[in-house]
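2 protein chains.
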Amino acid sequence: MLEKIIKMTRSEQQGAPRPVMLAIAGDSASGKTTLTKGLVEAVGPERCLSICVDDYHRYDREERRALPFTPLHPDCNYIDIMEQHLQLLALGRPILKPVYDHATGRFTRPQYVEPKEFVIIEGLHPLSTKLTRACFDVTVYLDPPEPIRRGWKVDRDCRKRGYTEAQVLAELERREPESQKFIRPQRRFADIVVRFAPIAGRDEPPGTPLSAELLLRPTIKHPALSSVLTDDHRDAIHLKIMRDQDGTPTDCLHVHGPASQEEARHVEKAIWEELEATHGLPERIGEINPGDRSEPLAITQLILLYHLLQTKTGA
Amino acid sequence: MLEKIIKMTRSEQQGAPRPVMLAIAGDSASGKTTLTKGLVEAVGPERCLSICVDDYHRYDREERRALPFTPLHPDCNYIDIMEQHLQLLALGRPILKPVYDHATGRFTRPQYVEPKEFVIIEGLHPLSTKLTRACFDVTVYLDPPEPIRRGWKVDRDCRKRGYTEAQVLAELERREPESQKFIRPQRRFADIVVRFAPIAGRDEPPGTPLSAELLLRPTIKHPALSSVLTDDHRDAIHLKIMRDQDGTPTDCLHVHGPASQEEARHVEKAIWEELEATHGLPERIGEINPGDRSEPLAITQLILLYHLLQTKTGA
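Protein chains in written order, with the numbering used here: chain A, 1 to 315; chain B, 1001 to 1315.
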């Protein structure tokens, strides 16, 4: 009987086209949704599905009160079901995704989700197991310095989720041991580690736009970017070699936040043209909030777009 | 990447023991839950999972009001997700099953379900597609005469679900075209068709226990029952050949409702012993409600137990 199932599953797989799968992992408020939003808009929502896989909780908020761990702990989540659903999506098949309502802390009606040409999976745990990692073509880990992430989390949770600053800071404290144990170790499994941060060692005045550092690991083939990595654009973008946390020499693309918008736009257009894009640069790429742009974010998104489109064409 | 997933899935499959899968299909109120209950009790709930797969609705009750079909229509259900979940269970893997609350007509928190040694799947559609059928070792279709089923449905829906008799009859009427089109065709895919009914052509006084007719199709190997299919027990049980609805000659086991309980019990013990059971006959086998027993139901359950245990040992 197993044979029958495998046979049928195989023939199904031949039918369903496989999507390009991109993981965007990172701790709470590390910028996953902002990064994803621009990518979906650039590819087109009709061709790109994005889902957040933080809804695979084993317990609702009420039940968690009696338990010693935070939602960051794998035992607090149905990691096996998340693995299963990622595999299904990677094979081009639909899932019935659990839905956790962050407003009430309870589970609601599950959602039928079908993969599209591109699937972006963002969340706390998408790179946490061997099996989940096997589902992705490209993997990203968002790694802002902790003080920056804390600021982002306080800002968002107070503005959008109705918490007080003291509550958010207490929650960050409570989660810290599990962040360290279960979230940050995923950094080592990403093809690209993205760090939005002030330039190290420089005393930038308040309000200076953050720069981006992209560790480009050799686990996938990165764009040559030959038209932008020239001396002309050195103030906006340059590639250097650095040592990764574990000492491995790694390519690091530095995108300079304080560069002029004109210069940044020039770089963006050049990358976009390398993608052999048939239409103009996507308008809302680099957008943090309506009216609030980051050129380093735009350039990061363009590099990820490169990977999505290159994987699609099999180049 | 597909290769990586298949490789990992295979090694997972080697790890998880595969359960024996039994389908019990049939229309609403055809006796699926009653039949299942005795099987679970006989095998032991710690070794046997039973689930009803009627929760894969695409719409809740409110949404269905605006739609032209009943829950019997495949388009009203996520048949693809049901297929997927049956495959996963058949491979020994857990699922996150949707849960539809029949009291409110809405979806609630999904349920994490892990297969056990034996998995019994009951519902309206478990034999409706090639892929679902491929998931089962043994398949049963419950086929009571329509007047009997209607009586059961009126009785149950009025007593347990708070409907009036007129409401239930109207609903039966409304569902009839879809019953005919989508439920009854599953009869042809069952290894065993079970029909609880009065003896045909005989004018039995009211209150006479129903008999059972079991079509035993050659798609699986049936028990020889050599110790019970003798002239001694002919009043309680006998095997005959008949033509199936499509004319195919088929074995039909007739279990006589009006036989004495003593005789029926003797037959039950003999079948139970053929199973090489190490403990006594399960007490609640044949139970319809507490205090209300049917010997033909008990004998039907024993034959299904035979199949469960034989498949398990690979005999």
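Glycine included, each C-beta is placed from N, C-alpha and C at the ideal position. It should be emphasised that the depicted structure is a prediction, and the values quoted were computed from it without experimental measurement.
Beta bridge counterpart(s) of residue i as assigned by DSSP
{"i": "B:Tyr-950", "result": "Residue 950 of chain B lies beyond the residue range present for chain B, which begins at 1001 and ends at 1315; the question has no answer from this structure."}
{"i": "A:Glu-213", "result": "A:Arg-195, A:His-254"}
{"i": "B:Lys-1240", "result": "B:Cys-1252"}
{"i": "B:Ser-1050", "result": "B:Ile-1120"}
{"i": "B:Glu-1287", "result": "B:Arg-1293"}
{"i": "B:Met-1350", "result": "Since the first and last residues shown for chain B are 1001 and 1315, residue 1350 of chain B lies out of range."}
{"i": "A:Arg-65", "result": "In the DSSP output, where bridge partners are listed per residue, A:Arg-65 has none listed."}
{"i": "A:Phe-107", "result": "A:Tyr-100"}
{"i": "B:Val-1140", "result": "B:Ile-1024, B:Ile-1192"}
{"i": "B:His-1057", "result": "B:Asn-1077"}
Beta-carbon spacing of residue i, residue j below 8 Å
{"i": "B:Leu-1216", "j": "B:Pro-1198", "result": "no"}
{"i": "B:His-1254", "j": "B:Ile-1241", "result": "no"}
{"i": "B:Tyr-1141", "j": "B:Pro-1223", "result": "no"}
{"i": "A:Asp-55", "j": "A:Ile-183", "result": "no"}
{"i": "B:Thr-1300", "j": "B:Leu-1225", "result": "no"}
{"i": "B:Gly-1123", "j": "B:Cys-1048", "result": "no"}
{"i": "A:Arg-187", "j": "A:Asp-143", "result": "yes"}
{"i": "B:Phe-1107", "j": "B:Val-1020", "result": "no"}
{"i": "B:Glu-1165", "j": "B:Leu-1131", "result": "no"}
{"i": "A:Ala-190", "j": "A:Leu-127", "result": "yes"}
{"i": "B:Ala-1023", "j": "B:Ile-1121", "result": "yes"}
{"i": "B:Pro-1110", "j": "A:Pro-98", "result": "yes"}
{"i": "A:Ala-29", "j": "A:Arg-149", "result": "yes"}
{"i": "A:Thr-311", "j": "A:Asp-137", "result": "yes"}
{"i": "B:Ile-1271", "j": "B:Val-1228", "result": "yes"}
{"i": "B:Leu-1239", "j": "B:Asp-1231", "result": "no"}
{"i": "B:Gly-1257", "j": "B:Thr-1208", "result": "yes"}
{"i": "A:Gly-105", "j": "A:Arg-133", "result": "no"}
{"i": "A:Ala-212", "j": "A:Arg-195", "result": "yes"}
{"i": "A:Ile-79", "j": "A:Thr-139", "result": "no"}
Minimum Cβ-Cβ distance from residue i to chain A less than 8 Å
{"i": "B:Tyr-1078", "result": "yes"}
{"i": "B:Tyr-1112", "result": "yes"}
{"i": "B:Ile-1081", "result": "yes"}
{"i": "B:Leu-1089", "result": "no"}
{"i": "B:Pro-1068", "result": "no"}
{"i": "B:Pro-1098", "result": "yes"}
Own chain, CB closer than 8 Å to residue i, minus 5 neighbours either side, in chain order
{"i": "B:Ile-1288", "result": "Thr-1034, Ser-1294, Leu-1297"}
{"i": "B:Leu-1275", "result": "Leu-1302, Leu-1305, Tyr-1306, Leu-1309"}
{"i": "A:Gly-38", "result": "Pro-282, Arg-284, Ile-285, Gly-286, Glu-287, Leu-297, Ala-298, Gln-301"}
{"i": "B:Cys-1158", "result": "Thr-1164, Glu-1165, Val-1168"}
Proximal residues to residue i (C-beta, below 7 Å), its chain only, five neighbours per side dropped
{"i": "B:Ile-1095", "result": "His-1085, Leu-1088, Leu-1089, Val-1113"}
{"i": "A:Tyr-59", "result": "Leu-67, Cys-76"}
{"i": "B:Arg-1093", "result": "Ala-1016"}
{"i": "A:Pro-115", "result": "Pro-19, Leu-49, Leu-89, Gly-92"}
{"i": "A:Leu-172", "result": "Arg-150, Lys-153"}
Short CB-CB distance (under 8 Å) between residue i and chain B
{"i": "A:Arg-109", "result": "yes"}
{"i": "A:Arg-93", "result": "yes"}
{"i": "A:Gln-310", "result": "no"}
{"i": "A:Gln-186", "result": "no"}
{"i": "A:Gln-301", "result": "no"}
{"i": "A:Gln-84", "result": "yes"}
Contacts around residue i, its chain only, beta-carbon distance under 6 Å, and the 5 residues preceding and following it disregarded
{"i": "B:Arg-1175", "result": "Thr-1070, Leu-1072"}
{"i": "B:Ala-1025", "result": "Pro-1126, Leu-1127, Tyr-1141, Gln-1186"}
{"i": "B:Arg-1234", "result": "none"}
{"i": "A:Ser-50", "result": "Thr-36, Val-40, Ile-120"}
{"i": "A:Pro-145", "result": "Ala-197"}
Residue i CB to nearest heavy atom of the ligand NAP below 7 Å
{"i": "A:Arg-47", "result": "The ligand NAP is not part of this structure, which contains no ligands at all."}
Quiz item: Where in the stretch 123 to 183 of chain A do unbroken runs of the alpha helix (DSSP H), each at least 4 residues long, occur, reported from the N-terminal end onward?
Solution: Counting only unbroken stretches of 4 or more residues, the alpha helix (DSSP H) elements lying wholly within the stretch 123 to 183 of chain A are 130 to 133, 146 to 160, 165 to 178, in sequence order.
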